[in-house]
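**Q**
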Amino acid sequence: MVATSETIKKVRDTTKKYKYGFTTNVNVEKAPKGLNEDIIRFISSKKSEPKWLLEWRLMAYRKWLKMEKPNWAKVDFSDINYQDIYYYAAPKQKKKLESLDEVDPEILKTYEKLGIPLTEQKMLAGVAVDAVFDSVSVATTFKEKLSESGVIFCPISEAIQKYPQLVKKYLGSVVPVSDNYYTALNSAVFTDGSFVLVPKDVKCPMELSTYFRINEQNTGQFERTLIVVEDSGYVSYLEGCTAPQRDENQLHAAVVELVAMKDAQIKYSTVQNWYPGDENGKGGIYNFVTKRGKCLGDRSKISWTQVETGSSITWKYPSCILMGNQSVGEFYSVAITNNAQQADTGTKMIHIGKDTKSTIISKGISAGKSSNTYRGQVQIQKTANKARNFTQCDSLLIGDKCSAHTVPYIAQNVANAKVEHEATTSKISDDQLFYCFQRGLDSESATSLIVNGFCKEVMKELPMEFAVEAQKLIGISLEGSVG
Amino acid sequence: MSILKIKNVHLKIENKPILKGISLSVNKGEIHAVMGPNGSGKSTLSYMLAGREGYELESGEVKFENKDITSFLPNERANAGLFLAFQYPVELPGVSSVNFLREAVNSRRKYLGKEEFNHLNFVKEVRKVADEMFVKDEMLKRSVNVGFSGGEKKRFEILQMALLQPVLSILDETDSGLDIDALKIVSHGVNKYKNNDNAIILITHYQRLLDYIVPDFVHILVDGEIKRSGGPELAKYVEKNGYAGIINAA
Numbered sequence: 387m388v389a390t391s392e393t394i395k396k397v398r399d400t401t402k403k404y405k406y407g408f409t410t411n412v413n414v415e416k417a418p419k420g421l422n423e424d425i426i427r428f429i430s431s432k433k434s435e436p437k438w439l440l441e442w443r444l445m446a447y448r449k450w451l452k453m454e455k456p457n458w459a460k461v462d463f464s465d466i467n468y469q470d471i472y473y474y475a476a477p478k479q480k481k482k483l484e485s486l487d488e489v490d491p492e493i494l495k496t497y498e499k500l501g502i503p504l505t506e507q508k509m510l511a512g513v514a515v516d517a518v519f520d521s522v523s524v525a526t527t528f529k530e531k532l533s534e535s536g537v538i539f540c541p542i543s544e545a546i547q548k549y550p551q552l553v554k555k556y557l558g559s560v561v562p563v564s565d566n567y568y569t570a571l572n573s574a575v576f577t578d579g580s581f582v583l584v585p586k587d588v589k590c591p592m593e594l595s596t597y598f599r600i601n602e603q604n605t606g607q608f609e610r611t612l613i614v615v616e617d618s619g620y621v622s623y624l625e626g627c628t629a630p631q632r633d634e635n636q637l638h639a640a641v642v643e644l645v646a647m648k649d650a651q652i653k654y655s656t657v658q659n660w661y662p663g664d665e666n667g668k669g670g671i672y673n674f675v676t677k678r679g680k681c682l683g684d685r686s687k688i689s690w691t692q693v694e695t696g697s698s699i700t701w702k703y704p705s706c707i708l709m710g711n712q713s714v715g716e717f718y719s720v721a722i723t724n725n726a727q728q729a730d731t732g733t734k735m736i737h738i739g740k741d742t743k744s745t746i747i748s749k750g751i752s753a754g755k756s757s758n759t760y761r762g763q764v765q766i767q768k769t770a771n772k773a774r775n776f777t778q779c780d781s782l783l784i785g786d787k788c789s790a791h792t793v794p795y796i797a798q799n800v801a802n803a804k805v806e807h808e809a810t811t812s813k814i815s816d817d818q819l820f821y822c823f824q825r826g827l828d829s830e831s832a833t834s835l836i837v838n839g840f841c842k843e844v845m846k847e848l849p850m851e852f853a854v855e856a857q858k859l860i861g862i863s864l865e866g867s868v869g
Numbered sequence: 592m593s594i595l596k597i598k599n600v601h602l603k604i605e606n607k608p609i610l611k612g613i614s615l616s617v618n619k620g621e622i623h624a625v626m627g628p629n630g631s632g633k634s635t636l637s638y639m640l641a642g643r644e645g646y647e648l649e650s651g652e653v654k655f656e657n658k659d660i661t662s663f664l665p666n667e668r669a670n671a672g673l674f675l676a677f678q679y680p681v682e683l684p685g686v687s688s689v690n691f692l693r694e695a696v697n698s699r700r701k702y703l704g705k706e707e708f709n710h711l712n713f714v715k716e717v718r719k720v721a722d723e724m725f726v727k728d729e730m731l732k733r734s735v736n737v738g739f740s741g742g743e744k745k746r747f748e749i750l751q752m753a754l755l756q757p758v759l760s761i762l763d764e765t766d767s768g769l770d771i772d773a774l775k776i777v778s779h780g781v782n783k784y785k786n787n788d789n790a791i792i793l794i795t796h797y798q799r800l801l802d803y804i805v806p807d808f809v810h811i812l813v814d815g816e817i818k819r820s821g822g823p824e825l826a827k828y829v830e831k832n833g834y835a836g837i838i839n840a841a
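If you read the sequences in order, they're chains W and F. All residue numbers for the first sequence refer to my numbering, where the first residue is 387 and numbers rise by one. All residue numbers for the second sequence refer to my numbering, where the first residue is 592 and numbers rise by one.
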């Protein structure tokens, strides 16, 4: 039996490595390394963009040059050399793709390895997928079925060609170009991402989903997602992310903008599993992402659900601007850090309209020597009569070398508004572990079970199809964290 | 047929001797009661058998079904069929009782080379057994031991025992904190599970439990040693005269 447990341990040690750490050999077309106005012109012309967009990019770039990286987050990393990054990498295609069959089989194989069946299997699950490989969107499934219902779901590069007025109207309307250092950078060099428009009174008939993958070495990924839901429309959108295992750090600076009109609802879920770096913190993705939703119309609702397990550094605050009266913002988050990972994540709820309501449930789990910070802002503006917020932040510590921090900012400018904040910190106890062991569970299953229990309130917000995957991911992320 | 053989076991905690040369032999079909005053080492004995970290032997032998299990991990012992009903069952917030039971049962089934239950089949199985153990459906939907009354916690332990079908069950003060009705329910569950192929070690303060689960052997554990062994009449003697007589006689 000793031998058995040793063997099991060995097998585990060798498989413990990041499951998605493979690379794919595809012929790639890249822009030269580095960033300047010519590179931006190159990207824009590669994508045959209209002139206004090129101007917009250049304006963003010029602003970026004058900006400084934010330094208020509790993350520590050496400066990024922005001239050492490829800003455009696209799998080489001989001609424009007409159908999935024409996508490079190597790329399709990659997605299969990632567990994203682009073809029939998703049909059964009823999920439409847009897949972004490095800089370019390679396949969007179920376009036809969606368009029957009037929903537009396509790569943003395609939307720029087909619906330039829509893109022009909303691009940068929620996240201004110069909101922060990374949004300005993204606005200058974004290469692809998804565009969704759900027309009035339409309930999107299926879950929409995007998978992002960074494959090329030294590439940054700067995707841009724009989702607009018109009056009384509904959409549920999920994004997943992976990247190969590499020694150097890679930058991912995305911008996501959501707009919800009157009575519209947007549910945006993220399962983020970028390569986290090795045990000593070498390599891994810098995940510097700005996500924001605007509840523009009365009674509109935006829900963010995120399961953040990857990346060496996560800097991310999906937020809601609650403009419409009685609009609702929700943020459900699980952030797991292990080894040397650092996460500084949370949300902003900006209450402007009357009777607006927001809920924040954040579950942070830290293991190894990682650092996990919840940073959240609740702002009740003078106009937000009777606004309400409830915030609950729970931290779970595994081992004694990690840390958890909670940094709430609350600004209350209305007498009849109500803001509640609850926070707890706990540890997985030896009693809990031993109880599970005594019922036959090994240390990894036990940890996974206890942590999943701790996260339950958030996990139940995930779309069914992804909940199981996310549960497994939590187990994988914490492998080796309990002796 | 031997299920458990403990030979001259010594164990220290923080350098303080707790078990001082315990020997015990349990065969198939037997019920053993281990009685003793507070601090005599009863719970230490159960943790040692279950392999809890910090309760490693200093010397001696522990054989389970003729295999030396001293180097087995706790979960390996559990999967091999050694079950401990906890004196204080532990709360697992957010972990649904059904899921917890299924994980436990499936890891034992995997060990035994049996097919694992899927969710639907398991729910059927658990309903059947839970009914026999007087565990309500509603309880299974709650988080493990969270908000359970004292009686519910103990019933849930016995339900786990019935589902896992262990070879050896150690019931650590399962009777403590139970009123007479709850005690009857728990005893009914234990007796239902008991057969000629398994064995039970009852760890208890009081003779009361032994009116409902009748032991074949009674051992009196005092200060880390088994001072006397006998039949059920020994428990009655202790009930009447206290442990003092045995401690003084030894």
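Ideal Cβ placement from N, Cα and C applies to all residues, glycine included.
Extract the residue ranges of the beta strand (DSSP E) inside the region 646 to 687 of chain W, only unbroken runs of 3 or more that lie entirely within it.
**A** Listed in chain order, they are 651 to 658 and 670 to 681.
**Q** Since G685(F) meets chain B, which of its residues come closer than 8 angstroms, beta carbon to beta carbon?
**A** No chain B is present in this structure, whose protein chains are W and F.
**Q** Indicate whether at least one CB of chain F lies closer than 9 angstroms to the CB of G826(W).
**A** Interface residue, yes.
**Q** For A695(F), report the span of its alpha helix (DSSP H) as first-last.
**A** From DSSP, the alpha helix (DSSP H) with A695(F) extends over S688 to Y702.
**Q** Can you tell me the Cα-Cα spacing of R733(F) and Q678(F), whole angstroms?
**A** Rounded to the nearest angstrom, the two C-alpha atoms are 20 angstroms apart.
**Q** What do you reckon, are the CB atoms on G893(F) and L812(F) nearer than 9 angstroms?
**A** What the structure shows of chain F is the stretch from 592 to 841, and residue 893(F) is not part of that stretch, so it cannot be assessed.
**Q** Could you tell me the distance, in whole angstroms, from the CA atom of V720(W) to the CA atom of K749(W)?
**A** Cα-Cα distance, rounded: 5 angstroms.
**Q** Ordered along the chain, which non-local residues of its own chain (more than five positions away) have a Cβ less than 7 angstroms from that of V588(W)?
**A** If we look at V588(W) and ignore the five residues flanking it on each side, its Cβ neighbours are S535, G536, V537 and G619.
**Q** At a CB-CB cut-off below 7 angstroms, which residues of chain W make contact with V681(F)?
**A** Neighbours of V681(F) on chain W, chain order: D817, Q818 and Y821.
**Q** Pull the bridge partners of K734(W) from the DSSP assignment, please.
**A** According to DSSP, which records beta bridges pairwise, K734(W) is partnered with Q763(W).
**Q** Can you round the beta-carbon distance between A639(W) and F608(W) to whole angstroms, since I take them to be within the 8 angstroms contact cut?
**A** With 8 angstroms as the limit, A639(W) and F608(W) qualify as a contact, their Cβ atoms being about 5 angstroms apart.
**Q** Chain F beta carbons: is any one of them nearer than 9 angstroms to that of A853(W)?
**A** Cβ-Cβ to chain F under 9 angstroms: no for A853(W).
**Q** Under the three-state reduction of DSSP, which class applies to R743(W): helix, strand or coil?
**A** Going by the sequence as given, residue 743(W) is Lys instead of Arg. Three-state DSSP puts K743(W) in a strand.
**Q** From the DSSP secondary-structure annotation, give me the bridge partner or partners of D578(W).
**A** Bridge partners of D578(W): E609(W).
**Q** My guess is that A832(W) and C841(W) are in contact by the Cβ rule of under 8 angstroms, so how many angstroms apart are they, rounded?
**A** Wrong, their Cβ atoms sit about 15 angstroms apart, outside the cutoff.
**Q** Look at the alpha carbon of M445(W) and the alpha carbon of K687(W), and state the distance between them as a whole number of angstroms.
**A** One C-alpha to the other measures close to 32 angstroms.
**Q** Give every residue of the same chain whose Cβ lies closer than 6 angstroms to the Cβ of F650(F), excluding the five residues on either side of it in the sequence, and list them in chain order.
**A** The amino acid at residue 650(F) is misidentified as Phe; the sequence shows Ser. Closer than 6 angstroms at the Cβ level, and outside the excluded window around S650(F), lie H601.
**Q** What span of residues does the beta strand (DSSP E) with F674(F) cover, start to end?
**A** Note, F674(F): beta strand (DSSP E), L673 to A676.
**Q** Per DSSP, which residues does W701(W) bridge with? Please list them.
**A** In the DSSP output, where bridge partners are listed per residue, W701(W) has F674(W) and D730(W).
**Q** Do you know how far the Cα of F655(F) is from the Cα of I594(F)?
**A** For I594(F) and F655(F), the distance between alpha carbons rounds to 6 angstroms.
**Q** In or out: K727(F) buried (at least 16 other Cβ within 10 Å) or exposed?
**A** Per the 10 Å Cβ criterion, exposed.
**Q** How long is the line joining the alpha carbons of N599(F) and P823(F), rounded to whole angstroms?
**A** Each residue's Cα considered, the two are about 24 angstroms apart.
**Q** Between the Cα of A646(W) and the Cα atoms of W660(W), K755(W), E694(W) and L612(W), which residue gives the shortest distance?
**A** Looking at the Cα atoms, L612(W) is the closest of the given residues.
**Q** Along chain W, in chain order, which residues have C-beta atoms closer than 9 angstroms to that of A669(F)?
**A** Simply F823, Q824, R825, G826 and L827.
**Q** Determine the chain W residues that contact P560(F) at a beta-carbon separation under 8 angstroms, and present them in chain order.
**A** Residue 560(F) falls outside the range modelled here, since chain F spans only 592 to 841, and no answer is possible.
**Q** Counting only Cβ-Cβ distances shorter than 9 angstroms, please list the residues of the region 686 to 702 of chain F near chain W, keeping chain order.
**A** The region 686 to 702 of chain F vs chain W, Cβ under 9 angstroms: V686, S687, N690, F691, L692, E694, A695, V696, N697, S698, R699, K701 and Y702.
**Q** Rounded to a whole number of angstroms, what is the C-alpha to C-alpha distance between A417(W) and K433(W)?
**A** Taking the straight line joining both Cα atoms gives about 13 angstroms.
**Q** If L835(W) and E694(F) are in contact, beta carbons under 8 angstroms, what's the gap, nearest whole angstrom?
**A** Contact flag correct, Cβ pair sits at about 6 angstroms.
**Q** With a cut-off of 9 angstroms, does the C-beta of S622(W) fall near any C-beta of chain F?
**A** With 9 angstroms as the cut-off, S622(W) does not count as an interface residue toward chain F.
**Q** Taking only beta-carbon atoms, is G642(F) less than 9 angstroms away from chain W?
**A** With 9 angstroms as the cut-off, G642(F) counts as an interface residue toward chain W.
**Q** For F713(F), which residues from the same chain have a beta carbon less than 6 angstroms from its beta carbon, with the 5 sequence-adjacent residues on both sides left out?
**A** R693, listed in sequence order.
**Q** Taking only the alpha-carbon atoms, compute the straight-line gap between K437(W) and S430(W) and give it to the nearest angstrom.
**A** Their backbone Cα atoms lie some 9 angstroms apart in a straight line.
**Q** Just the Cα atoms here: how many angstroms apart are F747(F) and N736(F)?
**A** Straight-line Cα distance between these residues: approximately 8 angstroms.
**Q** Within 9 angstroms (strictly less), CB to CB, does L864(W) reach chain F?
**A** With 9 angstroms as the cut-off, L864(W) does not count as an interface residue toward chain F.
**Q** Taking C-beta to C-beta, are S634(F) and E764(F) nearer than 9 angstroms?
**A** For S634(F) and E764(F), yes; Cβs fall inside 9 angstroms.
**Q** Does the beta carbon of I860(W) come closer than 9 angstroms to any beta carbon on chain F?
**A** False, the Cβ-Cβ gap to chain F never drops below 9 angstroms.
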